[in-house]
Ligand code: APR
Ligand code: PHB
């Protein structure tokens, strides 16, 4: 099989890139290790910032997001038993949209089917050759045999555990990482949310977050030790802990119900540089991970796809390599600012075991400063709605 751009991974990064390139008349084939149902069954992020809005608009896949998504003007923070509002709209003129990553993925898969562009599911890339010389050969396992996809360029959109990033020679690749000493226990339930906007809480027992997917579906998280077994957390125990951490006002309006899903996710900051080597380009979690506290993982993947689609279009249609040459540096400039924001939100809102008294007081002062300062709230808000890139 032959194509112009071979895309590894059918998460949001790969699907968005595929759709944007198809609209420019460029042929792509997506190889996805899992089945379509498995990809759609994963519960992932839920807050879309300006990057995802722009990418979905350019992809002409924003109709359902605009009709079914919830437009939020802000969110609440609870710290030191004080609840205060971050007025995103008042501070920046922009809103965020609550619309599940699963729904974004479904919309992009539907569009790709309508385009008639091929996606091979249960096709795992195992090896990539020719990224320095071309043509690129992606060896993959599909339907019980080894096959080859030959392409001019390859986009590694295969997530944190993918194979593409490791194709960049170790002498060139640099990685930067911070692993946090806790995880998030997430619970998903078909109950109305406890508040019309999100609530982020810093409580002595640890961080908590009240989020949602719709008016009838809630998503909650609590900070937990990284080795927590969800089996030790029956639903009632999670609800009780949420009620404590989110405080009496939220607890009073919290509707409890059976969990549809309950799992523990680790928190990590990670960047791999560069994001391009020869004919290989990386996008999304393959190149960077942020802890979810700033709600940025999906949005960074969208920004990558948008910028990469423009670069590949210029390269393939006009023979101009300028955007492709600056792709890595341009993206990393934005990505590191988002890494900083996600690290800052995580550090400010979580309890760190063994934290010394000095750090504990600094954290309190940070939250108190945020509560009282329009300048600091504006800084948070402009990052949350999405920095320009
Ligand atoms: N061959 C083919 N597909 C692969 C391979 C491989 N060797 N390895 C991984 N994949 C697939 C995975 O099965 C997954 O569907 O690549 C896809 C990567 O998708 P995501 O993990 O969703 O990553 P990305 O598209 O970059 O989206 C980033 O997703 O996890 C969230 O926090 C993250 O919100 C962010 C967004
Ligand atoms: C979510 O709804 O899953 C969610 C929302 C905001 C975050 C992280 C996750 O910061």
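Numbering (the numbering used here), first residue to last: 351 to 739.
Every residue, glycine too, gets a C-beta built ideally from N, C-alpha and C.
These numbers were taken from a predicted model, which means no experiment stands behind them.
- According to the DSSP secondary-structure assignment, residue 426 is paired through a beta bridge with 435 and 549.
- When rounded, the separation of the alpha-carbon atoms in residue 701 and residue 479 is 45 Å.
- Separation of the CB atoms of residue 359 and residue 512 is rounded to 6 Å, and the pair is thereby assigned contact status at 8 Å.
- Scanning the stretch 589 to 672 for uninterrupted beta strand (DSSP E) segments of 3 residues or longer gives 609 to 623 and 630 to 632, listed from N- to C-terminal end.
- Exclusion of the five residues before and after residue 397 leaves 446, 448 and 645 as the residues of its chain whose Cβ lies within less than 7 Å of its Cβ.
- Across the set 556, 641 and 575, the C-alpha of 641 shows the shortest separation from the C-alpha of residue 527.
- Residue 436 counts as buried, since at least 16 other C-beta atoms from the protein chains shown sit within 10 angstroms of its C-beta.
- Residue range 556 to 562 is occupied by the beta strand (DSSP E) that includes residue 562.
- Between residue 557 and the set 541, 532, 565 and 539, the nearest pair of CA atoms involves 532.
- Annotation: residue 684 to residue 402 spans about 14 Å, alpha carbon to alpha carbon.
- Distance from the C-beta of residue 690 to the nearest heavy atom of the ligand PHB is not below 7 Å.
- Leaving aside the five residues that flank residue 429 on each side, the residues in its chain whose CB is nearer than 6 Å to its CB run, in chain order, 552 and 717.
- Ranked by how close their Cα comes to the Cα of residue 367, the residues 658, 678, 571 and 674 have 658 in first place.
- In the displayed model, residue 449 falls within coil according to three-state DSSP, outside both helix and strand.
- Within the same chain, Cβ atoms closer than 8 Å to the Cβ of residue 439 are found at 423, 424 and 445, the five residues on either side in sequence being excluded.
- Under the three-state reduction of DSSP output, residue 735 falls in the coil class, being neither helix nor strand.
- By the neighbour-count definition (other C-beta atoms within 10 Å, threshold 16), residue 733 is a buried residue.
- Note: residue 573 is bridge-paired with 534 in the DSSP secondary-structure output.
- A contact is defined here as three or more CB-CB pairs under 8 Å, and the stretch 367 to 376 meets this definition with respect to the stretch 458 to 473.
- Setting aside the 5 residues that flank it on each side, residue 536 is surrounded in the same chain by 393, 569, 570, 571, 611, 612, 613, 614 and 615, each with a C-beta closer than 8 Å to its C-beta; the list follows chain order.
- A residue is called buried once 16 or more other Cβ atoms fall within 10 Å of its Cβ, and residue 427 is buried on that count.
- For the 8 Å CB-CB criterion, residue 655 and residue 395 do not form a contact.
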